[in-house]
Amino acid sequence: MKKIVLIGMMILSSLLLWGQKNDKVCLSGSVKGFIETPLVICDFSMEGVEPDTLEIASDGSFFKEYTLKQAKEVFLKIGIREQMPFYIAYLVPGKSLRVDFVAAGEKIIPAYSGDTGAETAYINLHRDLVTLSPTFSAKAWQGLSDFKACVRYVDENLIPVKKALNQVQDNVFVEKSRRDLENGCVSHYFSFAIAKQAEGIDMEKDVDFMKFVKEIDFNDTLQESALIHYLDWYVVAHPHLHDEEKLPANALKLRYLEKLVSNQHMRNKVAHTLLSAHLFMSMLGADISETIPFVYREYLKVSTDPETCEYVQAQLKIIDNTSVGMPAADLKMVDINGKRISLKDIVGKGKYTYIDFWATWCGPCCKEIPFIEKLVEKHKNNSIIRFVSVSIDTDVDAWKRKLAADKPDWEQYLVPEMDQKAYAEIYGITNIPRFMLFDKEGRMMDASAMRPSETKMNEFLDGLK
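Per the numbering used here: the sequence shown = residues 1044 to 1508.
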């Protein structure tokens, strides 16, 4: 009986040990042929994780153990001073990677080995031959006559990349990488088609290209990337749609998506991607104020995603409320004595009303105050311009202390905390400073007016009649 219990305990112990996940990663390697010992930096590019400068031994070797919960691609930088090219190291919990760097003149040649050496070699080759290479740029398509030539060109240039992938033993990694390669090929094919359309070549007359397009099942969620690229090409191939539909490109894509795809899950995913792409343009500095309403409205026609639809509806409400000519909303505020008053009651009455939304804790807001003072002083005899500051402070005493210290010569109001949500929902006031201009009849003139500090502000106000 004791023997049976002992065996059972041994089995249980081994199972527990087997079940414990090894989260240690061993990164090792060497540097050879360098005039002076280079820096080797492992950069996880993670918030809160500082780049790690590896210690190089006298024989040029290095070794470091990390703890990871999941596989991660990290940057491995090597060099001297400003010259630090980077490579990608594929680190997996419980596995090792060795990277040997050899300096050959001005070049650095890396060699990868260890448990994830083949994966790392593939990732870096793909980066060099595909991601960062001009091989598949728009210029590369110029010398190709038709779609067949494009397919041959892509296949030939991917041969070394596919050979590198064949060296990988991890089936999950291989399967994902092959899907990515296939999606990449589709991207190249449509990139070629768009380039040819720009040259004035109608790709709908290319039999092989249209055969390729017709074989894509756009209701298959695995074809999401193909569908997005197809829509990119479609709006380029049909420029007349812009004039006929009076819609910006992403709105056209959303409209055609509704006609092309019946799978609602696929519709939602692609619609979200197209909406995000349009919004991202504003992050790059583009003015999308005139196009985004069209994109929002087309999005609501095709998507059923509740969270994003709620967001879009809220944004459309703000757009409508801040449109030129809209009467001021019935939003509440209080004066310094606590008397409640409505926004619609302080605008209009034969005067243009310039409103500054601010708070005492907002540095940029406070920097604008001296410029407002100058505007008020310059236009104090102008009977058709009225200046108003509206604070969104939750600390009423702080607001009153600021007014007592500054002694402003123009109207001051405060939005009580319980009323601030309405300002966000109706006018989208979530970031300050924010400036608005209402006309003499109390209608919206500019929901994002110039700041007082802008050089053309005085000239603009002087032009108001």
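The beta-carbon is built from N, C-alpha and C at its ideal position, and this holds for glycine as well.
(message) Mapping the DSSP letters down to three states, classify V1117 as helix, strand or coil.
(response) In the sequence shown, the residue the question calls residue 1117 occupies position 74. DSSP places V1117 in strand when its eight states are reduced to three.
(message) Please give me, in chain order, every unbroken run of the beta strand (DSSP E) with length at least 3 that falls completely inside the stretch 1364–1450.
(response) 1375–1377, 1383–1385, 1395–1401, 1428–1434
(request) Measure from the alpha carbon of C1228 to the alpha carbon of each residue in V1204, M1246, A1161, D1245, then state which is nearest. (result) If you number the sequence shown from 1, residue 1228 lands on position 185. When each option's Cα is compared against that of C1228, the closest is V1204.
(request) Using the Cα positions of G1018 and T1178, report the straight-line distance between them to the nearest angstrom. (result) Because the chain spans 1044 through 1508 in this model, residue 1018 falls outside it and cannot be assessed.
(request) For S1434, count neighbouring C-beta atoms within 10 Å of its own C-beta (all shown protein chains included) and say buried if the count is 16 or more, exposed if not. (result) Position 391 of the sequence shown, counted from the first residue, corresponds to residue 1434. Classification for S1434: buried.
(request) Whole angstroms is fine: what's the gap from E985's alpha carbon to D1482's? (result) There is simply no residue 985 to check, as the chain begins at 1044 and stops at 1508 in what is shown.
(request) Apply the 10 Å Cβ neighbour rule to H1308 and answer buried if 16 or more other Cβ atoms are within range, or exposed otherwise. (result) In the sequence shown, the residue the question calls residue 1308 occupies position 265. Exposed, since its Cβ has fewer than 16 Cβ neighbours within 10 Å.
(message) Does G1072 come out as helix, strand or coil in the three-state DSSP assignment?
(response) Locating residue 1072 in the sequence shown gives position 29, where the first residue counts as 1. In the structure shown, G1072 sits in a strand (DSSP, three-state: E or B).
(message) Please state whether the Cβ-Cβ distance between E1162 and D1086 is less than 8 Å.
(response) Residue numbering aside, residue 1162 sits at position 119 when the sequence shown is read from its first letter. Residue numbering aside, residue 1086 sits at position 43 when the sequence shown is read from its first letter. Not a contact, by the Cβ cut-off of 8 Å.
(message) What ranges does the beta strand (DSSP E) occupy inside the stretch 1085–1158, keeping only unbroken runs of at least 3 residues that lie completely in it?
(response) 1104–1110, 1115–1122, 1129–1134, 1139–1147, 1150–1156
(message) Can you tell me whether E1242 is helix, strand or coil according to DSSP?
(response) Within the sequence shown, residue 1242 is the residue found at index 199, counting from 1. It is coil, neither helix nor strand.
(message) So for D1505, helix, strand or coil by DSSP?
(response) Here residue 1505 refers to the residue found at position 462 when the sequence shown is read from its first residue. Here D1505 sits in helix by DSSP.
(message) Can you check which of these residues, I1131, Y1354, V1142, T1159, is closest to R1170 by C-alpha distance?
(response) Against the sequence shown, residue 1170 aligns to sequence position 127. Among I1131, Y1354, V1142, T1159, the Cα nearest to that of R1170 belongs to I1131.
(request) Could you spell out where the beta strand (DSSP E) holding F1478 opens and where it closes? (result) Position 435 of the sequence shown holds residue 1478. F1478 -> beta strand (DSSP E) spans 1477–1481.
(message) Counting C-beta neighbours from all protein chains within 10 Å, is the total for Q1218 16 or more, i.e. buried, or is it exposed?
(response) What you label residue 1218 is simply residue 175 of the sequence shown in a count that begins at 1. The sequence shown places Glu at residue 1218, rather than the Gln named in the question. Exposed, because fewer than 16 other Cβ atoms sit within 10 Å of the Cβ of E1218.
(request) Give me the Cα-Cα distance between A1236 and D1102, rounded to the nearest whole angstrom. (result) By one-based count along the sequence shown, residue 1236 stands at place 193. By one-based count along the sequence shown, residue 1102 stands at place 59. Roughly 54 Å between the two C-alpha positions.
(message) Please state the DSSP three-state secondary structure of Q1455.
(response) For the purposes of this step, residue 1455 is identified with residue 412 of the sequence shown, where counting begins at 1. Strand.
(request) Please go through the same chain and pick out, in chain order, the residues whose beta-carbon is closer than 6 Å to the beta-carbon of S1230, but skip the five residues on each side of it. (result) The count along the sequence shown starts at 1 and reaches residue 1230 at position 187. Cβ neighbours of S1230 beyond the five flanking positions: H1272.
(request) To the nearest angstrom, report how far apart A1181 and K1392 are at their CA atoms. (result) Taking the sequence shown and counting its residues from 1, the one referred to as residue 1181 is at position 138. Taking the sequence shown and counting its residues from 1, the one referred to as residue 1392 is at position 349. Looking at the two C-alpha atoms, the distance is approximately 58 Å.
(request) Under the assumption that T1473 contacts A1465 (Cβ atoms under 8 Å), give the Cβ distance between them as a whole number of angstroms. (result) Locating residue 1473 in the sequence shown gives position 430, where the first residue counts as 1. Locating residue 1465 in the sequence shown gives position 422, where the first residue counts as 1. No, T1473 and A1465 are not in contact; Cβ-Cβ is about 12 Å, not under 8 Å.
(message) If I follow the unbroken beta strand (DSSP E) through D1489, where does it start and stop?
(response) Translated into the one-based positions of the sequence shown, residue 1489 becomes position 446. Counting along the chain, the beta strand (DSSP E) containing D1489 begins and ends at 1487–1489.
(request) Would you tell me roughly how many angstroms separate the C-alpha atoms of L1317 and N1293, rounded to the nearest one? (result) Looking up residue 1317 in the sequence shown gives position 274. Looking up residue 1293 in the sequence shown gives position 250. Approximately 6 Å between the Cα atoms of the pair.
(message) One question on the structure: do Y1155 and V1211 come within less than 8 Å of each other, judged by their Cβ atoms?
(response) Reading the sequence shown from its first residue, position 112 is the one you call residue 1155. Reading the sequence shown from its first residue, position 168 is the one you call residue 1211. Cβ atoms of Y1155 and V1211: not closer than 8 Å.
(request) Quickly, what does DSSP pair M1082 with across the bridge? List them, please. (result) For the purposes of this step, residue 1082 is identified with residue 39 of the sequence shown, where counting begins at 1. With the sequence shown as reference, residue 1082 is identified as Leu, and Met is not the correct amino acid for it. The partner list for L1082 (beta bridge, DSSP) reads G1122.
(message) For R1383 and M1461, what's the separation of their Cα atoms in angstroms?
(response) Looking up residue 1383 in the sequence shown gives position 340. Looking up residue 1461 in the sequence shown gives position 418. Answer to the nearest angstrom: the Cα atoms are 13 Å apart.
(message) If distances are taken between C-alpha atoms only, which option among G1091, Y1456, V1256 comes closest to W1401?
(response) Taking the sequence shown and counting its residues from 1, one reaches residue 1401 at position 358. Looking at the Cα atoms, Y1456 is the closest of the given residues.
(request) Please go through the same chain and pick out, in chain order, the residues whose beta-carbon is closer than 8 Å to the beta-carbon of C1409, but skip the five residues on each side of it. (result) Reading the sequence shown from its first residue, position 366 is the one you call residue 1409. These residues qualify, in order along the chain: W1401, T1403.
(message) If distances are taken between C-alpha atoms only, which option among K1248, M1487, K1107, M1493 comes closest to D1373?
(response) Position 330 of the sequence shown, counting from 1, holds the residue named residue 1373. Considering only alpha carbons, the answer is M1487.
(message) Taking the beta carbon of L1418 as the centre, do at least 16 other beta carbons fall within 10 Å, making it buried, or is it exposed?
(response) Reading the sequence shown from its first residue, position 375 is the one you call residue 1418. It counts as buried.
(message) Does the structure place the stretch 1434–1446 close enough to the stretch 1491–1507 that three or more beta carbon pairs sit under 8 Å?
(response) no
(request) State the DSSP-derived secondary structure class of K1067, mapped to helix, strand or coil. (result) Position 24 of the sequence shown, counting from 1, holds the residue named residue 1067. Of the three classes helix, strand and coil, the one that applies to K1067 here is strand, per DSSP.
(request) Leaving out five residues on either side along the sequence, give the residues of the same chain with a beta carbon under 6 Å from the beta carbon of R1141. (result) Locating residue 1141 in the sequence shown gives position 98, counting from the first residue. Within the same chain, R1141 has close Cβ partners S1071, G1072, S1156, G1157.
(request) Excluding the 5 residues preceding and the 5 following L1049 in the sequence, name in chain order all residues of the same chain whose CB lies nearer than 8 Å to its CB. (result) As a first step, residue 1049 must be located in the sequence shown, where it is residue number 6. For L1049, the predicted structure reports a pLDDT of 46, less than 50, and the residue's modelled location is therefore unreliable. The matter cannot be settled from this model.
(message) My output table needs one value for D1275: the three-state DSSP class, helix, strand or coil.
(response) Within the sequence shown, residue 1275 is the residue found at index 232, counting from 1. Helix.
(message) For V1313 and E1267, which I take to be in contact (beta-carbon distance under 8 Å), what is that distance rounded to the nearest angstrom?
(response) Here residue 1313 refers to the residue found at position 270 when the sequence shown is read from its first residue. Here residue 1267 refers to the residue found at position 224 when the sequence shown is read from its first residue. Correct: roughly 6 Å between the Cβ atoms.
(message) Spatial neighbours of V1304 within its chain, please: C-beta separation below 8 Å, excluding the five flanking residues on both sides.
(response) As a working mapping, residue 1304 is identified with position 261 in the sequence shown. The residues are F1261, N1262, L1270, R1310, V1313.
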